[in-house]
DNA sequence: CATGAATGAGTCTTCATTCAT
DNA sequence: TATGAATGAAGACTCATTCAT
């Protein structure tokens with residue numbers, strides 16, 4: 001009994017290990033410049049072994065990106081459920097959750113921070129592409145809802161909620177990416193305070209007078 | 210006589226044509242996934258012809274990216290010269306100039322919106338890398354100066370100018386990128402109003418109270 | 419158990435097969451005019467397979483040339499150890515060993531008979547180049563020592579030992595090369611008797627009076 | 628009138644200049660590794676211009692190699708005409724003439740010192756190949772005749788004349804090649820004395836007792 | 001006569017993927 | 001399950017050759 005379970009656990013850990021290494025490389029070097037050879041070498045397994053766990057390079061990529069995005073989606077949906085909560089808090093919670101998921105799973109960084117519609121279209125089969133799109137749309141939608149709630153609650157100016165979501169979302173992404181590049185040089189991680197400051201500023205703008 | 214001139218003009222137009230096609234592909238698909246084969250096919254020339262105009266793929270990339278960034282640098286430096294001008298106007302001018310340059314030269318999109326320090330380090334020789342870095346730093350610096358001016362003029366809160374620059378800059382980049390991906394589906398170009406709204410919001414935050 | 423060994427043997431035989439075919443082509447056509455495509459075709463393997471065994475074309479070349487030269491070096495050093503032996507015999511032994519190594523490994527033919535300092539300098543990394551140079555110098559040195567011994571023993575005239583070595587060495591190489599070209603037409607292999615006759619003549623010249 | 632002549636002279640000098648540069652490169656780097664681009668660059672003409680004077684790269688090669696070999700052939704035939712002359716002197720004359728021609732025309736170096744039957748067969752059309760072969764055979768034949776004359780005159784031992792010719796010829800070639808490689812390092816030109824010493828030695832061997 | 005421009009064919013090299021063991 | 005070995009397809013780059021001017 002225990003043997004089967006152990007095998008199962010080992011298999012999963014192996015799988016996750018591949019994913020983690022691949023995620024880091026995909027993020028650092030991009031999809032095309034990441035070779036299965038390097039992933040295999042770092043994971044200290046044979047290249048062929050990767051094919052036991054993933055059908056193709058695309059598949060590996062998808063299997064990294066989808067779970068992170070799905071997890072974020074679940075969390076944002078949960079956060080958005082509380083319709084009574086002041087919008088400002090909801091917005092901050094969404095940002096926090098997003099940052100949290102991304103910090104814990106650098107692989108998903110790649111997806112979002114370097115997301116290029118055209119690239120995905122070439123890379124993924126339609127159903128997978130659609131799934132990712134729908135997840136992203138959902139996440140984006142939660143932010144939009146929160147901003148709209150703020151407007152309805154009279155906390156925020158009467159602005160275009162969608163537009164504000166775009167701004168918040170991109171500000172977040174921009175900061176991440178900017179600081180990533182910076183971290184190549186400096187070692188200190190300023191991502192959290194920078195994001196917080198950015199959100200403060202935008203919220204101040206939303207609430208001012 | 211006129212013959213030489215015409216030849217010259219033809220050569221330059223050919224060169225620009227290659228650059229434009231390459232810029233679009235680099236932007237859409239990234240450096241690694243763009244093949245010279247495809248560039249040649251789209252430009253309806255032979256692959257070898259590209260090598261008449263550019264020493265290598267790296268070189269082609271650099272020749273696309275550098276001029277746009279240099280042009281932006283020139284414009285921003287000029288804008289920043291007027292130290293009397295109210296900071297808010299200067300900030301808007303910087304944003305406008307940036308957008309202007311980028312809209313006229315989609316190639317530079319790629320550099321900035323997908324800029325990855327690590328990738329460049331592998332791609333470019335040291336002197337070219339340094340040149341790009343210095344241009345980017347200069348551009349960023351102008352924004353920082355403008356924000357600082359606003360603080361000194363008592364128009365903006367006493368915030369970290371550098372941080373605000375990061376936010377503004379990334380907001381800009383984020384909006385561009387977001388809308389780019391969006392434009393793959395819809396055809397309307399919302400980039401300008403979205404950027405303006407974003408800047409409005411951030412400036413409002415900076416000035417509030 | 420035996421499986422692993424058999425695999426090992428197969429791998430080595432494959433490697434040697436590639437080397438043999440490559441050696442022949444390098445010899446017949448020179449480095450630049452020998453394509454990996456042709457090597458692969460003749461070995462009835464894929465071009466990519468070559469890269470499983472050798473890091474590059476240069477590497478393949480070096481791996482062919484170095485072992486033969488090193489083997490020759492070992493043998494000549496051993497022969498030269500006997501300082502009592504009459505010089506004439508030592509010289510003949512050196513020639514015999516050289517011929518032996520070269521006949522058993524046509525790849526090394528190329529190196530020595532077509533050796534061009536300039537070509538190697540472009541082809542090989544410094545440490546490999548140095549290694550080959552040092553091997554060649556060592557081999558040459560053994561001959562020089564043997565001739566000097568003959569002079570000291572009073573068997574040979576008092577000539578410049580270095581010069582005589584050059585003559586002997588090149589005579590050997592020349593005969594090989596000449597006969598090689600000839601063999602393209604005739605099929606009989608006159609290399610051994612021709613070399614022997616050449617050495618006889620030169621030794622006679624050294625000893626005359 | 629004079630104009631036509633000047634043009635003619637200019638054309639010939641241009642032609643010879645191309646040949647000289649090409650000869651040097653062919654010799655130093657080999658046929659395959661010498662590019663018309665480099666020849667053109669060094670001659671400060673356009674690559675296309677080379678095609679005004681030579682039908683192809685092969686043709687250029689042949690036009691370099693053939694005249695030198697033909698000139699040598701003419702001289703050797705003349706030398707061999709004097710059947711009364713002591714064989715030793717004739718042999719030395721042949722060697723001197725050979726060296727002379729080669730020193731004055733490094734292009735022919737390449738042909739003979741790096742002559743590879745197989746390469747030529749691929750490179751040249753049958754009639755040209757046959758012509759070169761016949762020239763080389765003729766040159767070789769003169770040496771053979773001279774040695775035979777020495778035997779008939781009772782000056783040389785009764786050896787195989789053909790074999791001795793091979794030895795002499797290759798000794799010459801070997802020394803040239805060896806010293807060429809050496810000259811890459813040292814600058815002094817030891818080719819003449821080394822060849823002379825080699826010939827002395829061999830002649831001594833031929834005459835001893 | 002001379003050349004700048006263009007290109008097709010070929011070269012080395014990499015890599016995702018398959019398969020026998 | 002795991003892997004070493006093999007490969008087809010593709011990519012960057014070079015070069016001899018042609019041609020319009």
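Chains as they are written, first to last, in the numbering used here: chain A, 1 to 209; chain B, 210 to 418; chain C, 419 to 627; chain D, 628 to 836. Built from N, CA and C at the ideal position, the CB exists for glycine as well.
- Spatial neighbours of residue 358 of chain B in its own chain (CB-CB distance under 6 Å, excluding positions within 5 residues in sequence) are listed in chain order as 296.
- Below the 9 Å Cβ cutoff, chain A contributes 201, 204, 205 as neighbours of residue 415 of chain B, in chain order.
- When the beta-carbon positions are compared, residue 653 of chain D and residue 688 of chain D come within less than 9 Å of each other.
- The three-state secondary structure of residue 312 of chain B, taken from DSSP, is helix.
- Distance check between residue 721 of chain D and each of D/744, D/664, D/766 places D/766 closest, using alpha-carbon atoms only.
- Minimum Cα-Cα distance from residue 581 of chain C among the listed residues C/590, C/569, C/562 corresponds to C/562.
- A straight-line Cα-Cα distance of about 30 Å links residue 729 of chain D and residue 542 of chain C.
- Annotation for residue 771 of chain D: the continuous alpha helix (DSSP H) segment containing it runs 753 to 779.
- Among the residues facing chain B, residue 41 of chain A is not included, as its CB has no counterpart in that chain under 9 Å away.
- Note that the segment 758 to 765 of chain D touches the segment 689 to 698 of chain D; at least 3 beta-carbon pairs, one per stretch, sit closer than 8 Å.
- Annotated as distal: residue 448 of chain C and residue 800 of chain D, with beta-carbon spacing of 9 Å or more.
- For residue 797 of chain D against residue 596 of chain C, the beta-carbon gap comes to about 5 Å, under 8 Å, which counts as contact.
- Taking a beta-carbon distance threshold of 9 Å, residue 657 of chain D counts as an interface residue toward chain C.
- Nearest CB-CB separation between residue 590 of chain C and chain D: below the 9 Å threshold.
- For residue 326 of chain B, the enclosing alpha helix (DSSP H) stretches over residues 326 to 332.
- Secondary structure of residue 35 of chain A (DSSP, three-state): coil.
- A direct Cα-to-Cα measurement between residue 16 of chain A and residue 65 of chain A gives close to 13 Å.
- Within the same chain, 46, 47, 49, 50 come within 8 Å of residue 40 of chain A by CB-CB distance, once the 5 residues on both sides are set aside.
- Every unbroken stretch of the alpha helix (DSSP H) spanning 4 or more residues and falling wholly within the segment 669 to 740 of chain D is given here in chain order: 674 to 680, 684 to 708, 714 to 731, 733 to 740.
- Residues of the segment 681 to 703 of chain D that bring their beta carbon within less than 9 Å of a beta carbon in chain C are absent altogether.
- In this model, residue 655 of chain D and residue 219 of chain B are separated by some 40 Å (Cα to Cα).
- Not one beta carbon of chain D lies nearer than 9 Å to the beta carbon of residue 513 of chain C.
- Under the three-state reduction of DSSP output, residue 593 of chain C falls in the helix class.
- Nearest neighbour of residue 726 of chain D by Cα position, chosen from D/817, D/832, D/835, D/659, turns out to be D/817.
- In the displayed model, residue 588 of chain C falls within a helix according to three-state DSSP.
- Taking every protein chain shown into account, the CB of residue 77 of chain A has fewer than 16 other CB atoms within 10 angstroms, so this residue is exposed.
- Contact check for residue 746 of chain D against residue 451 of chain C passes: the beta carbons are separated by less than 9 Å.
- Counted as a single uninterrupted DSSP element, the alpha helix (DSSP H) harbouring residue 405 of chain B occupies residues 400 to 416.
- Between residue 168 of chain A and residue 376 of chain B, the gap from beta carbon to beta carbon reaches 9 Å or more.
- With its beta carbon less than 9 Å from one in chain C, residue 790 of chain D belongs to the interface.
- C-alpha of residue 198 of chain A to C-alpha of residue 122 of chain A: approximately 34 Å in a straight line.
- Not one beta carbon of chain B lies nearer than 9 Å to the beta carbon of residue 23 of chain A.
- In the assembly as shown, residue 4 of chain A is an exposed residue. Its beta-carbon has fewer than 16 other beta-carbons within 10 Å.
- Listed in chain order, the positions of the segment 769 to 794 of chain D with a beta carbon within less than 9 Å of a beta carbon of chain C are 784, 786, 787, 790, 791, 793, 794.
- Taking a contact as a CB-CB distance under 8 Å, the pair residue 146 of chain A and residue 80 of chain A counts as one, their CB atoms being some 6 Å apart.
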